[in-house]
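Colleague:
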Amino acid sequence: MGRVRFYTAQILSRLAYLGIKVLNKSSGTSFVGMLALKVCPDFLKYCKDYVKCSVAISGTNGKTTTSGILAHIFETDKCSVIHNTKGANMLTGVANVFALGVKPFRKFDYAVIESDEAYLTKLYDYFKTDYLVVTNLFRDQLDRYGELETTAGFIRNAIEKNLLAKIFLNADDPLVTNLSNNGIYYGFEDVEICSDVHKSDSNAPTEVFNCICGKPLSYTKQFFAQQGHYFCEHCNYKRPELDYSATVKIYADYSLLTVTDVKQGRQYSFRVNQVGLYNAYNALAAVSCALYTGVEEQVIKDALLSYKSIFGRAERRVINGHDTLIQLIKNPTGASEVLKTVDLNSNIVIAINDNYADGRDISWLWDSDFEQLKDAKKLVITSGVRAKDMALRLKYAGIAQDRIVIKEDIKSAIELATSSEDKDEKITILPSYTALLKITKMKFQKG
-15 MGRVRFYTAQ ILSRLAYLGI KVLNKSSGTS FVGMLALKVC PDFLKYCKDY
35 VKCSVAISGT NGKTTTSGIL AHIFETDKCS VIHNTKGANM LTGVANVFAL
85 GVKPFRKFDY AVIESDEAYL TKLYDYFKTD YLVVTNLFRD QLDRYGELET
135 TAGFIRNAIE KNLLAKIFLN ADDPLVTNLS NNGIYYGFED VEICSDVHKS
185 DSNAPTEVFN CICGKPLSYT KQFFAQQGHY FCEHCNYKRP ELDYSATVKI
235 YADYSLLTVT DVKQGRQYSF RVNQVGLYNA YNALAAVSCA LYTGVEEQVI
285 KDALLSYKSI FGRAERRVIN GHDTLIQLIK NPTGASEVLK TVDLNSNIVI
335 AINDNYADGR DISWLWDSDF EQLKDAKKLV ITSGVRAKDM ALRLKYAGIA
385 QDRIVIKEDI KSAIELATSS EDKDEKITIL PSYTALLKIT KMKFQKG
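Going by the numbering used here, the first residue of the sequence shown is number -15, and it counts up by one from there.
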């Protein structure tokens, strides 16, 4: 009976998706999955039969980019991959991609599943992955997730449900390393900023994290937020020994990543065509997992060079003839790292909504380092539902009043930013999540 429900769910899901596309009602990233789970609550359990190997990626920031890079590496290695590309990472989004992707008598070599932190334990009720990659744990949407320990608890519970999975943990994040005593650890030994554009310092407040013994952690190196080389002076707890150790040089538009497989004694060099240290961390997470699963160095090199950012994660587009960089911002640490990379010679649009998917609490704007924009040379346009709140934050960040423009309608804001006839003038767009969804549906001229 369960299998009949599974096949019925597949048929109805594809018919529903066809209807959505004909009527142009939505992007179809979750509704189809919702229908599949309604018809067959165990839908994801049966999907496991269509996959040879599976990887889940979770954590506060970097899930979409890390999973995108890893999926692209496997595809470059001539493997078949099913992946929730658009970042719909709750159960409905995961079910959605399987409902539309699986076919009779065909097995995918890999499933690469981006999972929301709170939904990972629910995913593991039905679909236990062979590998789990955890990127980081930062304060994010307090009205939805609560404090950091709550988020850590979600992932820890998931790990306990799936004890056979190999777990890749960011060793530079003390909150991540505390999730399990049996991880495969990746991290940076050194970070070098080689760009005048990207700032290495930040005015954002840094939270103080305690060791498991209750005493504050100390650092010999601190890269950003709580990430770095930490130790406890009281109980001798320290950052674990690495399995994949890296150094990175950060340039304006790319990074040079050197990764050492410590156990194998082999060193690899890669160019990452993504901006900022946070994307170097994402690449390191993906590369570590790929190396562990046996992907060859040249395949990874080719994949990193050809990978295209999607859906607002350092996504490059041409809008009304202007080169445009779109970078999602959604919490203090992530936003502050993105703000370090902003081209201050570009017109800047900051589009902030406070819908459920963004988080209703916008206090994170005041903890984010918008002071990085105080020397902006051109317009800084605030938009979205909280455009006026964002403008006030920029005023207190020290940005000249004559450069701040409020345009609550997001398309109007982008049209203003791209109105110059000088096509060499660049644009930066910093949207919250639902603002990004709107932007992806908007039609602009390319030339």
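All residues carry an ideal CB built from backbone N, CA and C; glycine is no exception.
Out of Leu241, Phe254, Asp237 and Ser272, which has the shortest C-alpha to C-alpha gap to Gly260?
Modeller: Position 276 of the sequence shown holds residue 260. Answer by Cα proximity: Asp237.
Colleague: Give the secondary structure of Tyr262 by DSSP, where H, G and I count as helix, E and B as strand, and everything else as coil.
Modeller: Here residue 262 corresponds to residue number 278 of the sequence shown, with the count starting at 1. The answer is helix: DSSP assigns Tyr262 an H, G or I state.
Colleague: Report yes or no: do three or more beta-carbon pairs, one from the region 63 to 82 and one from the region 138 to 153, lie closer than 8 Å?
Modeller: no
Colleague: Here's the rule: buried if 16 or more other CB atoms are within 10 angstroms of the residue's CB, otherwise exposed. What is Met426?
Modeller: For the purposes of this step, residue 426 is identified with residue 442 of the sequence shown, where counting begins at 1. Exposed, because fewer than 16 other Cβ atoms sit within 10 Å of the Cβ of Met426.
Colleague: Measuring CB to CB, does Glu355 end up less than 7 Å from Ala381?
Modeller: Residue numbering aside, residue 355 sits at position 371 when the sequence shown is read from its first letter. Residue numbering aside, residue 381 sits at position 397 when the sequence shown is read from its first letter. Yes. Within cutoff.
Colleague: In the DSSP assignment, find the beta strand (DSSP E) that holds Phe92 and state where it starts and stops.
Modeller: Here residue 92 refers to the residue found at position 108 when the sequence shown is read from its first residue. Counting along the chain, the beta strand (DSSP E) containing Phe92 begins and ends at Phe92 to Glu98.
Colleague: Within 10 angstroms of its Cβ, does Cys178 collect 16 or more other Cβ (buried), or is it exposed?
Modeller: Position 194 of the sequence shown, counted from the start, is the residue given in the question as residue 178. Exposed, by the Cβ-count rule.
Colleague: Under the assumption that Thr49 contacts Glu101 (Cβ atoms under 8 Å), give the Cβ distance between them as a whole number of angstroms.
Modeller: Sequence index remark: in the sequence shown, residue 49 carries index 65 (1-based). Sequence index remark: in the sequence shown, residue 101 carries index 117 (1-based). The Cβ separation is near 16 Å, so there is no contact.
Colleague: Within the same chain, show all residues whose beta-carbon is closer than 6 Å to that of Ile313, passing over the 5 residues directly before and after it, in chain order.
Modeller: By 1-based counting over the sequence shown, the position of residue 313 is 329. Ala319, Val322 and Leu414, listed in sequence order.
Colleague: Considering only C-alpha positions, which residue in the set Glu173, Pro224 and Asp359 is nearest to Asn162?
Modeller: On the sequence shown, residue 162 is found 178 positions in, with the first residue counted as 1. Checked all of Glu173, Pro224 and Asp359; the closest Cα to Asn162 is Pro224.
Colleague: In this structure, how does DSSP classify Pro224 when only helix, strand and coil are distinguished?
Modeller: The residue given as residue 224 occupies position 240 in the sequence shown. The answer is coil: DSSP assigns Pro224 none of H, G, I, E or B.
Colleague: Would you grab the beta carbon distance between Leu121 and Thr135 for me? Rounded to a whole angstrom, and I think it's under 8 Å.
Modeller: Taking the sequence shown and counting its residues from 1, the one referred to as residue 121 is at position 137. Taking the sequence shown and counting its residues from 1, the one referred to as residue 135 is at position 151. That belief holds up - the Cβ atoms of Leu121 and Thr135 are roughly 6 Å apart, short of 8 Å.
Colleague: Quick check: the Cα distance between Leu84 and Leu21, rounded to an integer number of angstroms?
Modeller: What you label residue 84 is simply residue 100 of the sequence shown in a count that begins at 1. What you label residue 21 is simply residue 37 of the sequence shown in a count that begins at 1. Those two C-alpha atoms are separated by around 13 Å.
Colleague: What would DSSP say about Asp127, mapped onto helix, strand or coil?
Modeller: On the sequence shown, residue 127 is found 143 positions in, with the first residue counted as 1. Bear in mind that the predicted position of Asp127 carries a pLDDT of just 46, short of 50, making it unreliable; the figure below should be weighed with that in mind. In the structure shown, Asp127 sits in a helix (DSSP, three-state: H, G or I).
Colleague: So within the region 46 to 116, which uninterrupted alpha helix (DSSP H) runs reach at least 4 residues, ignoring any that extend past its ends?
Modeller: 47 to 60, 75 to 85 and 101 to 107
Colleague: Distance, Cα to Cα, Asp341 vs Gln248?
Modeller: Against the sequence shown, residue 341 aligns to sequence position 357. Against the sequence shown, residue 248 aligns to sequence position 264. This sequence places Ala at residue 341; Asp is not what is there. If you take the alpha carbons of Ala341 and Gln248, they lie about 43 Å apart.
Colleague: My output table needs one value for Arg250: the three-state DSSP class, helix, strand or coil.
Modeller: Here residue 250 corresponds to residue number 266 of the sequence shown, with the count starting at 1. It is a strand residue.
Colleague: Any idea if Arg255 is buried or exposed, counting beta-carbon neighbours within 10 angstroms, 16 or more meaning buried?
Modeller: If you number the sequence shown from 1, residue 255 lands on position 271. It counts as exposed.
Colleague: Using a 10 Å radius around the Cβ and a threshold of 16 neighbouring Cβ atoms, would you call Val6 buried or exposed?
Modeller: For the purposes of this step, residue 6 is identified with residue 22 of the sequence shown, where counting begins at 1. Looking at its Cβ environment, which holds fewer than 16 other Cβ atoms inside 10 Å, Val6 is exposed.
Colleague: Count the other CB atoms within 10 Å of the CB of Ala264; is the residue buried (16 or more) or exposed (fewer)?
Modeller: Within the sequence shown, numbered from 1, the residue matching residue 264 stands at position 280. Ala264 should be labelled buried.
Colleague: Less than 7 Å separating the beta-carbons of Gly212 and Tyr221?
Modeller: Along the sequence shown, read from residue 1 onward, the residue named residue 212 stands at position 228. Along the sequence shown, read from residue 1 onward, the residue named residue 221 stands at position 237. Contact: no.
Colleague: Can you tell me where the alpha helix (DSSP H) with Asp345 in it begins and where it stops?
Modeller: Taking the sequence shown and counting its residues from 1, the one referred to as residue 345 is at position 361. From DSSP, Asp345 is part of no alpha helix (DSSP H); its letter is neither H nor E.
Colleague: Does the beta-carbon distance from Ile139 to Leu104 come in below 7 Å?
Modeller: As a first step, residue 139 must be located in the sequence shown, where it is residue number 155. As a first step, residue 104 must be located in the sequence shown, where it is residue number 120. Contact flag set, yes.
Colleague: Nearest to Ile97 by alpha carbon, out of Lys87, Pro88, Arg123 and Lys70?
Modeller: Counting from one through the sequence shown, the residue named residue 97 turns up at place 113. The shortest Cα separation from Ile97 among Lys87, Pro88, Arg123 and Lys70 belongs to Lys70.
Colleague: State the Cα-Cα distance for the pair Val283 and Ala267, rounded to the nearest angstrom.
Modeller: Within the sequence shown, numbered from 1, the residue matching residue 283 stands at position 299. Within the sequence shown, numbered from 1, the residue matching residue 267 stands at position 283. Distance between the alpha carbons of Val283 and Ala267: 14 Å.
Colleague: Taking only runs of the beta strand (DSSP E) that begin and end inside the region 267 to 348, which ones reach a length of at least 3 residues, in chain order?
Modeller: 297 to 303, 306 to 311 and 331 to 335
Colleague: Need the endpoints of the alpha helix (DSSP H) that Asn141 sits in, please.
Modeller: Taking the sequence shown and counting its residues from 1, one reaches residue 141 at position 157. Leu132 to Lys145 is the span of the alpha helix (DSSP H), which, as asked, contains Asn141.
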